[in-house]
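First up is the structure itself, then whatever we jot down about it.
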Amino acid sequence: LALCSHNNNNNDYRFTSQSKEQSLIRTRETYVDAYFETHHCAPKPFRDHVVLRKYDDERLEKGDLVALPNENNSAKGVLVIGDVHGCYDELEMLLEKGVKENDDIPFEAIIFVGDLVNKGPESARVIRKVRLTEGMFAVRGNHDDGAIAAAAGDWARRKKKKYSWVLEGEKLSADHNAGENERTVLSDEDLIWMSNLPYTIRVPWLTLNVDSGTTSEIIIVHAGFVKDIEIEKQQVCDMLTLRELIEVDGKLQNTQKINDNSRGSDKSEANPWAQMWSGPEHVIFGHDARRGLQLKKYATGLDSGCVYGGKLTGLILPQRRLICVKAKKEYSRKGES
1 LALCSHNNNN NDYRFTSQSK EQSLIRTRET YVDAYFETHH CAPKPFRDHV
51 VLRKYDDERL EKGDLVALPN ENNSAKGVLV IGDVHGCYDE LEMLLEKGVK
101 ENDDIPFEAI IFVGDLVNKG PESARVIRKV RLTEGMFAVR GNHDDGAIAA
151 AAGDWARRKK KKYSWVLEGE KLSADHNAGE NERTVLSDED LIWMSNLPYT
201 IRVPWLTLNV DSGTTSEIII VHAGFVKDIE IEKQQVCDML TLRELIEVDG
251 KLQNTQKIND NSRGSDKSEA NPWAQMWSGP EHVIFGHDAR RGLQLKKYAT
301 GLDSGCVYGG KLTGLILPQR RLICVKAKKE YSRKGES
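Be aware that the sequence shown starts at 1, since it is given in our numbering, and climbs by one per residue.
Structure, rendered in structure tokens:
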């Protein structure tokens, strides 16, 4: 289990994927709130890029995520899950199906490609599930980033319907005790955990029990990468929002950053970044529900639009076996804010 620290204003905040509950509500007195008040944006995570390693890997370093065996030392494989967007029931269905497809053996780790929240019915419950379940990890998505900002005081976002769930915990009194069947709301600990979600998680060959010559190293990011740029030098905006690349003045640019009237740019000439990515890492990502499942030589896109009535998709590693479940209903329409 990863143990990281964030030092801000002499307050040392630590988190793991199984942090114990300290509060069921939002006090708006965390370092995340203080950071937003000063900088007007969500704080960056303790580490931008992290590695998932086995507990007995001799290269294990402080800050790495750790895939732990279960009590019978029988866990195997890694499950990567696409954009959940608050679809808690579908997540539970996919987790159950994943174990069955994994020979009824638990996974050593389950990794989410980001956008755990927004648009679906139970965003806070999904966050709580992932945060408190040992062996579950996630990268930060653009909707997660926006939810952090909304919870910390971004008033423009707080007015939007898709962020209404972040306010529910603020309406409860400090002595509130949640009932067994009561709706889960965002807490201070949830927000701190979200703010420390890294932008990428790398899964080395050794973690997957495979030879380096048999498969590409895996890296998980929410949106994508610009080709020919080292992972550590990728821009945060691209890792959170990239779908297509276009050449402007001889350089590849994220179309999300380009004004339609920009000189020398024609978005009709843009190409999906995953189509252009040539490795050597195999990238697993989300964010692009309009294109749906994407299977490229060096990239796999798992956003199959569950929140829009599509499917929630997972990828079992190292076999790269796809699994999915159908959404119970359409929770949101594409383009709704």
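Cβ atoms here follow ideal geometry from the backbone N, Cα and C, with glycine treated the same way.
For residue i, the residue or residues it bridges with in DSSP
i    : result
K311 : G305, K326
M136 : I110
V210 : Paired residues: none, contrary to the question.
L293 : Looking at the DSSP assignment, L293 forms no beta bridge with any residue, so it has no partner.
Cβ pair residue i, residue j closer than 7 Å
i    : j    : result
Q294 : G301 : yes
D115 : M194 : no
A42  : A109 : no
L312 : L79  : no
S314 : G135 : Checking the displayed sequence, the identity of residue 314 turns out to be Gly instead of Ser. Not closer than 7 Å, so no.
Y331 : G120 : yes
A151 : V130 : no
I220 : V113 : yes
Span of the beta strand (DSSP E) around residue i
i    : result
R53  : 49 to 54
R202 : 200 to 203
I148 : Per DSSP, I148 belongs to no beta strand (DSSP E); it is in the alpha helix (DSSP H), 142 to 152.
F285 : 282 to 285
I246 : 244 to 248
Limits of the unbroken alpha helix (DSSP H) element including residue i
i    : result
E189 : 188 to 195
L240 : 236 to 241
Q256 : Unbroken run through Q256: none, as it is neither H nor E.
W155 : 155 to 158
Which of helix, strand or coil DSSP assigns to residue i
i    : result
A124 : helix
H40  : coil
V99  : helix
R321 : strand
A67  : strand
I219 : strand
A270 : coil
V166 : helix
V32  : helix
L79  : strand
L91  : helix
I341 : Since the first residue shown for the chain is 1 and the last is 337, residue 341 is missing from the structure and cannot be characterised.
G335 : coil
E21  : Any reading at E21 needs caution, since the residue's pLDDT is 45, under 50, leaving its predicted position unreliable; the model's value is listed next. The answer is coil: DSSP assigns E21 none of H, G, I, E or B.
Cβ-heavy atom distance, residue i to the ligand SAM, below 6 Å
i    : result
Y331 : Summarising the ligand content, the structure contains no ligands, and the ligand SAM is consequently not present.
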